[in-house]
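Below: one structure, written as structure tokens.
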Amino acid sequence: MTQSPPHHPPLGGDESRVDSRTIYVGHRPSTTEAFIPPKFCDNRIVSSKYTVWNFLPKNLFEQFRRIANFYFLIIFLVQVIVDTPTSPVTSGLPLFFVITVTAIKQGYEDWLRHKADNEVNKYPVTVLENGRRMGTESEKIKVGDVVEVNEDETFPCDLILLQSTRDDDTCFVTTASLDGESNHKTHYTVPDTEKDLDSLSATIECEQPQPDLYKFVGRMHIYKTDREPEIRSLGPENLLLKGATLKNTQRICGVAVYTGMETKMALNYQGKSQKRSAVEKSINAFLLVYLCILVSKALVCTTLKYVWQSKPGQDEPWYNQKTQREKETNLYLKMFTDFLSFMVLFNFIIPVSMYVTVEMQKFLGSFFITWDRDFYDPEIQEGALVNTSDLNEELGQVEYVFTDKTGTLTQNNMEFIECCIDGFQYKYRDAVSELDGFSATDGPVSKLQEKAGKEREELFLRALCLCHTVQVKEPTGRGQDHTDSMAGCPPPHEQTGFIASSPDEVALVKGAMRYGFTFLGMESKKMKIMNRSNAIETYDLLHVLNFDPVRRRMSVIVRSKSGDALLFCKGADSSIFPRVRQEEVEKIRVHVERNATEGYRTLCVAYKKLSPEEYARADADLQAARLALQDREEKLIAVYNQVEAGMTLIGATAVEDRLQEEAAETMEALQGAGIKVWVLTGDKMETAKSTCYACRLFQRGTELLELTVRTLEDGVRKREERLHDLLLEYHKKAVQDVPPTKPGGNRGWSKPSQDFGFIIDGASLSMVFNSSESSSSHYKNLFLQICQNCTTVLCCRMAPLQKAQIVKMVKCSKGSPITLSIGDGANDVSMILEAHVGIGIKGKEGRQAVRNSDYAIPKLKHLKKLLLGHGHLYYVRIAHLVQYFFYKNLCFILPQFLYQFFCGYSQQPLYDAAYLTMYNICFTSMPILAYSLLEQHICVEVLLDNATLYRSIAKNAMLRWVPFFYWTLLGVFHGLLFFFGVRFLFGNPALQANGQVFGNWSYGTIVFTVLVFTVTFKLALDTRHWTWINHFVIWGSLCFYVIFSFFWGGIIWPFLKQQRLYYVFAHMLSSASAWLVIVLLILLSLLPDILLVVLRKPLGPHARQRQAGESGAGGAKSSAQPLLMRTFSDESNTVV
Amino acid sequence: MSKEENTANRPDNTAFTQQRLPAWQPMLSAGIVIPGFVIIGVAFIGIGVALFVTSQNIQVLEKDYTGIETNSSCFKCINPRVKNCNCTINFSLDKLFEGPVFVYYGLSNYFQNYRKYGASKDAAQLTGDLAYFTEPSTSCAPYRKDAKGKPIVPCGSIANSIFNDTFKLFQIVNSRNVAVPLDGKGIAWWTDYNIKYRNPTTNPLKNAFNDTVKPIFWPRPAYELDPTNPSNNGFINQDFLVWMRRSALPNFRKLYRRITEGEYAKGLPAGDYALVIGYNYPVKAFDGRKKVVFSNVSWMGGKNQFLGIAYLVIGSLCVVMSIVMLIVYAKFKFPDEE
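Going line by line, the protein sequences match chains A and B. The first sequence maps to residues 302 to 1437 in the numbering used here. The second sequence maps to residues 46 to 383 in the numbering used here.
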């Protein structure tokens, strides 16, 4: 190990590469080279966006990049520059309000970030400098500094571990704050560095910073005065990441390699891409329509103005002469100015406040998810987490759910069930009575009386004890309170806990322990196990060939006392079987397959004895591959494959993975809601299939269409041909022969007579995707069509990237359905990021899924309420909010538009500026906000009980063009009514009992009063859930309007140039006719709505649908009676 | 203690956070809506009848005096070059025109609601602020200063275009003209007269107008608008205030006088009347019409058939709808009540 391999490229050969950096440990130049201190960034973490100086310009710039804000800015500028009918205040004030609120929010958030940054940057650290320990601040660390870190401190930057106080040259860290994995990870010092760091003269050559937390390649050159420089390879096991915490180790020293914004933590900090909800797209489409309405209104008015003016005497009557400037202005310029003026006059049709309200609604509304006690899980003592509030309503629109299996559908709480050695089965059910289970008395199943030879048994158990990366939890360590995997029932004498990144490994080690082989731990590269005769055996751990999802196996090479080098390998059957002698396979295969159909996770165990020559070669190759700076991964895998060959199969294990609580009920509810559930798992087909049966995703009547390697290899023909035939056959079965269901709201109502389930595995999938170019899209199309007609699709043997591929395929298919991915592990991150909505489960596999998700929930069962309850309500709320906003602004501006026909197209505003400004901000904003936060048109319990209700809002039902058209029509109807109702009243403007007449502002005020009351009452009519807040806000808004109007007209306001509304409101109230017309118009406006509500009940589609839906749900329930005589209870959702 | 720790992260169990606030969940069921509609319908029909009857009882007498027709007595005045033109319109009442009678003048195709016209005034000047007498607001253009650069007070288009026809009403008793007294008080809003518009406090008022000129169209300066009543001059002249309150629509009427005094307080008795018009206001150029309207008013103001008819129609509609709903629900056997 001390010698650099001969074929290694000479020092400096790689130095010319741009993407590596050289670090001088302790800033001491190597003796041979000229020392040029390289420049690296300092160790300051800057997560804040603004400084005090650039906050205003930068924040404003960012805010005005939003199209809506920019639009209002333009309107405002037009008002300032051009002589327009309304003062700039009318649009400036709301804009200012919106910008200020957003700026304050963002400023506050940035201040928090500054605070957090400072806390990190000013953290005191100790740097070793020429033998002296210097206290300094974290931000002052430079690349090359040797930093000392004490126990329970976090690392201030990315360090290469040089020295540890532990005598085995390791240290333990937890990366809980990085990826949430709370288990201890072992890191190693660079071998053979000097104990005296002051005299260490070394350079480190490593790659440029990259964000992958688990990858690092580098080399260390150690210079000694009397010898050739030595080279050590550096890997992720030598690198301590900023943000991780030192555990169980008193003190370490390390040299800083990446600092500040170049640390892996900082590189990972970058936010993920913004997801936009379908509702937002609808809003934008509606906005476009309203923009067209706006422009056409302005165009119509401008045109008519000039037509009207062309009549003699109309353009410039003697009482209204033009100023000199107006006469001189160019005609076309005048036209353009008029156009702009009309735009300004009607610009309120696009409400600036809608964006604020929508954002407030989303932001505040998401709290209800966080607050929901039903999402609280006492086990992990956490509730739901909302990472983005932009997608609340999307939860009500989900059409496809992609779920991971392990940890999501199942608990990831592994229990060793049985094993099989040389084809003999050893069942393990009861820990206490069968401690000595290997005696031939009661352990085995009756028909398998005979046992494997004792030697084989012990070899198998030794393999289980040695082939893993489990750590023994130190009884004295502080890590005692961390989660271990002891949740299963530990036998009383088991005092030690195990820590591992995968719960399968713990289950296996514990399984071996019950059979008498106990893993005692590692001490300086020696593994100690206690065998059945309570003797302690030690093995030198030579190499660990790590597990990775592509190889699907892991191996260790150990040297036994007797000096033999042994390779133990465990892995999935598909990856082990080709690497062992074929004659052994058949005995084991039966067991493996049977276990798999019962829903267990199976692993095969194999071993190989390495001759000294074989070992020497393997060792050299492994060393070489580990030292490689380039393509290290590929080289390692090649070596691994080479070493793990020609092994002997010993046996197989079966580990049970329990179903999550209420997994079956949840899946059933989702299917009842018309959501298609796809299971994407890396597990093997049989296991996954049984889980699907257990979750009632597949049912007795489901016809399974299988497209797997097995079905593809049936015939003698080539796989490609077979694929083609199968696809066509399934397509015919599932797509062509099924009577087409009616599109639209009735989707999925009449259940197809035959349920189809589709199964595909990773290999077949890649064939579908990667077959020859011409047929690829065709196959993809066929595949998609089949899948869309199946109730459940199971994709097994999926690589993480393939999961994302599938999600993407469905996402981009026709109709772009809304997809949701739910998973708990790092392998689900890609699909969580890909789907419209990503849900993380706060499971045992670390927090990566949670960090990358949009919402995180503790358990799968919470998904039901999240979608059917919260999602449904949020969707209804926001859809109503959006439609209502457009409606209320249409009937607000329409009278003003109509008024132009009666005032010579002179851009005379109908309403006073105060009303124009306050309409959206004060008078009508609060009731809709309250509605959009509190509305429960159907109460949550009913929503949860009747999953079919979810279908009624599917496909963006409330924001399609038909409802939009209805709302627009309603707005037009109201607008016309308001204007012409008052217009006819003003046929004789003498409306007061004393014969005095009303003027134009009285006209506008009457219209406005009718408007405010009508739109508020319209909302009141739509409100199905009146809490005290709704009452308060609705009646409060109306009271506020009345009181405000009194005050606005009751006082001579010194800051106003014109007291237009002086006593106008009071005079209006003194007129009986005004009262009567207001009552009349409000009632008449609401009449159609009341009629619709009342008549829809007996005539509309809902009544019958609901009944049908209820019976449908009932039917589904009865058909979902326990399948294959299984019993499901909370206690054990197991497949016995 | 440990229990507390366990629930530290647990969300609060309040009705609000759990979305379980007690709520009233109204359902618009047929059982409420049908009787509701009947009640509203009946009430509306009642109000409608009352409004209709009231409106029918209001007497209105309209006389167009534009003089477009050649046989009109005012035809001679229509040429704007004719100054100080008077014309007389004779009419007779065959029954008592109940008082108090209100005299309105009406203009049509006259856009007082034109935006630039409406903006052409100086609100500060009209509150009596002397600073704006010398430098009127630029919004008054083109009637801000006269050709010599002297400020116009009151400035602006609205003030300049004040309606200046005059009406005198005579009852012809035994071929003798008896003047009917027209009361010019209380025709403008009380708040306009007393608060919104103010004269400068200068005494006499005339001095405030030194170095200013009267609006171009005006025959007399503002401080001499009503020689008979010194408190009806300047900016608080009632006719001026009525004019300054811009009309909402291009066809409008404004209150000119009330007949509240003497023997005519109870109304105009049957008989012959002569209305002598001082014809000054040109409308022909923009195709306008002028009329004079005699009307009495009720609690709902002047005559307006619209409200009564609308109430009757809506009321009947409500009743009809309730019947329709009753039929629909009878046929479908009240599915929600089952």
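The beta-carbon is built from N, C-alpha and C at its ideal position, and this holds for glycine as well. As the structure is a computational prediction, the values presented were derived from the model and not from experiment.
Query: Closest residue to leucine 1095 of chain A among A:Glu420, A:Met661 and A:Thr982 (Cα-Cα distance); Result: A:Thr982
Query: Helix, strand or coil at proline 196 of chain B according to DSSP, with G and I counted as helix; Result: strand
Query: Under the three-state DSSP convention, the category glutamate 113 of chain B falls into; Result: Checking the sequence shown, residue 113 of chain B turns out to be isoleucine, not glutamate. Here isoleucine 113 of chain B sits in coil by DSSP.
Query: Cut-off 8 Å between Cβ atoms - residues of its own chain near valine 225 of chain B, not counting five sequence neighbours on either side; Result: Leu214, Phe215, Gln216, Ile304, Tyr309, Leu313 and Tyr318
Query: Straight-line gap, threonine 1092 of chain A to lysine 977 of chain A (C-alpha atoms, nearest Å); Result: 6 Å
Query: Alanine 808 of chain A to lysine 871 of chain A span [Cα, whole Å]; Result: 14 Å
Query: Contact list for the segment 339-355 of chain B against chain A, Cβ threshold 9 Å; Result: Ser340, Asn341, Val342, Ser343, Trp344, Met345, Gly346, Gly347, Lys348, Asn349, Gln350, Phe351, Leu352 and Ala355
Query: Residues of the segment 1364-1383 of chain A whose Cβ lies closer than 7 Å to any Cβ of chain B, in chain order; Result: Tyr1364, His1368, Ser1372, Ala1373, Ser1374, Leu1377, Val1378 and Leu1381
Query: Pairwise C-alpha distance: threonine 247 of chain B and glutamine 1293 of chain A; Result: 35 Å
Query: Contact check, alanine 253 of chain B vs proline 264 of chain B, beta carbons under 8 Å; Result: no
Query: C-alpha gap between glutamate 756 of chain A and alanine 1100 of chain A, whole angstroms; Result: 37 Å
Query: Chain A contact for aspartate 57 of chain B (CB, 8 Å cutoff); Result: yes
Query: Per-residue contacts from tyrosine 1304 of chain A into chain B (C-beta, under 8 Å); Result: Ala293 and Leu294
Query: Candidates B:Ser367, B:Gly346 and B:Cys363: closest to serine 100 of chain B by CA position; Result: B:Gly346
Query: Assigned secondary structure, glutamine 924 of chain A (DSSP; H/G/I helix, E/B strand, else coil); Result: helix
Query: Where the segment 234-252 of chain B meets chain A: residues whose CB sits under 9 Å from a CB there; Result: Trp234, Trp235, Thr236, Asp237, Ile240 and Lys241
Query: At least three beta-carbon pairs within less than 8 Å, the segment 593-610 of chain A to the segment 548-559 of chain A; Result: no
Query: Chain A contact residues for arginine 298 of chain B, given Cβ-Cβ distances below 9 Å; Result: Asn1289, Pro1290, Ala1291 and Val1298
Query: Neighbour list for leucine 313 of chain B in chain A, Cβ cutoff strictly below 8 Å; Result: Per Cβ cutoff of 8 Å: no residues; leucine 313 of chain B is ~15 Å from chain A at best.
Query: Positions along the segment 1197-1209 of chain A whose CB lies within less than 9 Å of some CB in chain B; Result: Tyr1200, Phe1203, Cys1204, Gly1205, Ser1207, Gln1208 and Gln1209
Query: Listed by chain order, chain B residues near alanine 1294 of chain A by CB distance under 8 Å; Result: Val342, Ser343, Trp344, Met345 and Gly346
Query: Contact between the segment 363-371 of chain A and the segment 613-629 of chain A (3+ Cβ pairs under 8 Å); Result: no
Query: Cβ-Cβ distance between glutamine 1184 of chain A and proline 1264 of chain A below 8 Å; Result: yes
Query: Minimum length 3: unbroken beta strand (DSSP E) runs contained in the segment 1134-1178 of chain A; Result: 1138-1142 and 1156-1158
Query: Inter-residue spacing [alpha-carbon to alpha-carbon] between alanine 929 of chain A and tyrosine 559 of chain A; Result: 20 Å
Query: Within chain B, the residues that proline 618 of chain A reaches when beta carbons sit closer than 7 Å; Result: Ala330 and Phe331
Query: Three CB pairs or more closer than 8 Å across the segment 686-704 of chain A and the segment 660-675 of chain A; Result: yes
Query: Expected contact under 8 Å - CB spacing of aspartate 446 of chain A and alanine 557 of chain A to nearest Å; Result: 5 Å
Query: Segments assigned beta strand (DSSP E), at least 3 residues, entirely inside the segment 655-720 of chain A; Result: 701-704
Query: Under 7 Å by beta carbon: chain A residues contacting lysine 161 of chain B; Result: Asn621 and Ser1207
Query: Proline 1159 of chain A, buried or exposed, once every other Cβ within 10 Å from all chains shown has been counted against 16; Result: buried
Query: Which of helix, strand or coil DSSP assigns to valine 1313 of chain A; Result: helix
Query: Between the CA atoms of tyrosine 656 of chain A and tryptophan 235 of chain B - distance to the nearest angstrom; Result: 44 Å
Query: Assumed close pair threonine 564 of chain A, lysine 543 of chain A - CB separation to whole angstroms, cut-off 8 Å; Result: 4 Å
Query: Closer than 8 Å to chain B by CB, aspartate 673 of chain A; Result: yes
Query: Simplified DSSP assignment, three categories, for histidine 1238 of chain A; Result: coil
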